[in-house]
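Read in order, the letters of the sequence shown correspond to residues 1 to 181 in the numbering used here.
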Amino acid sequence: MGVAVVASILTLAGVLAISVIGKVRSRMSFHAFADAIAQLRVAPVRWSRPVAVASIVSEVAVLALVLWPGGTVIGLAAAVLLFGAFTVVLARAVRQGSTAGCHCFGPTDTPVAWRHVARSGFLAGTAAGALLGAITLPAISLRSLEPPHLILALSLAGFIVTTLVRLDDLTWLLRGASHAR
Numbered sequence: 001m002g003v004a005v006v007a008s009i010l011t012l013a014g015v016l017a018i019s020v021i022g023k024v025r026s027r028m029s030f031h032a033f034a035d036a037i038a039q040l041r042v043a044p045v046r047w048s049r050p051v052a053v054a055s056i057v058s059e060v061a062v063l064a065l066v067l068w069p070g071g072t073v074i075g076l077a078a079a080v081l082l083f084g085a086f087t088v089v090l091a092r093a094v095r096q097g098s099t100a101g102c103h104c105f106g107p108t109d110t111p112v113a114w115r116h117v118a119r120s121g122f123l124a125g126t127a128a129g130a131l132l133g134a135i136t137l138p139a140i141s142l143r144s145l146e147p148p149h150l151i152l153a154l155s156l157a158g159f160i161v162t163t164l165v166r167l168d169d170l171t172w173l174l175r176g177a178s179h180a181r
């Protein structure tokens, strides 16, 4: 169970880190994310930049908390809420037929689709499972695992993060279709 909890925490941390980097790596990336917030109808155009900043700050805060041993439980609870909110926003956008890109990991022309909703829902569920594990096994942390278990947790997290971040490419590869919904 300890490996699963640590792998979940590392997965959340990896996804959040790549997400933040993708959004702030250039002005164009940030502006594309802010524009997507308006296009996805999360906020009016005049509020899209402050909402984008708040979203990025939230991601950084959750990332720091899940990795900080004293903040793991609070960070995981915040991750459930954060990814839950992303799931709701994306589901609403897909239902409304939005053609805006997700911009979860940087600029993209791929419209939001149910796979993006599923990814955010999966991350919310992962955070909920890790939260339950962190509460029931409070002694579990990165430092508490034996080296073979830590390597296993890192490997699992790396595979899952790569799969989630490259989801659109994997969909294209496996379906041989355009990035359709």
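Every residue gets a Cβ at the ideal spot worked out from N, C-alpha and C, and that includes glycine. Since the structure is predicted, the reported quantities are computational estimates derived from the model, not experimental observations.
If I measure Cβ to Cβ from residue i and keep anything under 6 Å in the same chain, skipping five residues before and after, which residues do I get?
i      : result
Gly106 : Gly22, Ser29
Cys102 : Val112, His116
Ala130 : Val5, Ser8, Ile9, Leu76
Would you tell me roughly how many angstroms separate the C-alpha atoms of residue i and residue j, rounded to the nearest one?
i      : j      : result
Thr99  : Ala52  : 19 Å
Leu187 : Leu167 : What the structure shows of the chain is the stretch from 1 to 181, and residue 187 is not part of that stretch, so it cannot be assessed.
Val42  : Asp35  : 10 Å
Val24  : Leu76  : 23 Å
Met1   : Ala153 : 11 Å
Val45  : Ala128 : 33 Å
Val88  : Thr72  : 24 Å
Ala91  : Pro148 : 39 Å
Cys104 : Leu81  : 16 Å
Arg143 : Val20  : 25 Å
Leu145 : Pro138 : 13 Å
Exposed or buried, what is residue i when buried is set at 16 or more other beta-carbons lying within 10 Å of its beta-carbon?
i      : result
Ile160 : buried
Gly97  : exposed
Skipping 5 residues on each side, what residues in its chain have a beta carbon closer than 7 Å to that of residue i?
i      : result
Leu123 : Leu12, Val15, Phe83
Thr126 : Ser8, Thr11, Leu12
Gln39  : Ser98, Ala100
Rounded to the nearest angstrom, how far is the Cβ of residue i from that of residue j, given a contact under 8 Å?
i      : j      : result
Ile135 : Val6   : Not quite, the Cβ-Cβ distance comes to about 15 Å (not below 8 Å), so this is no contact.
Thr163 : Leu156 : With 8 Å as the limit, Thr163 and Leu156 do not qualify as a contact, their Cβ atoms being about 11 Å apart.
Val165 : Ile56  : Actually they do not touch by this definition, with Cβ atoms about 17 Å apart.
Val60  : Ala79  : Not really, about 12 Å apart at Cβ, beyond 8 Å.
Ala4   : Gly158 : No, Ala4 and Gly158 are not in contact; Cβ-Cβ is about 15 Å, not under 8 Å.
Less than 8 Å between C-beta atoms, sequence neighbours within five positions excluded: which residues of the same chain meet that for residue i?
i     : result
Trp68 : Gly75
Does any residue of chain C bring its CB to less than 8 Å from the CB of residue i?
i     : result
Ala43 : Among the chains in the structure shown there is no chain C, since it carries only a single protein chain.
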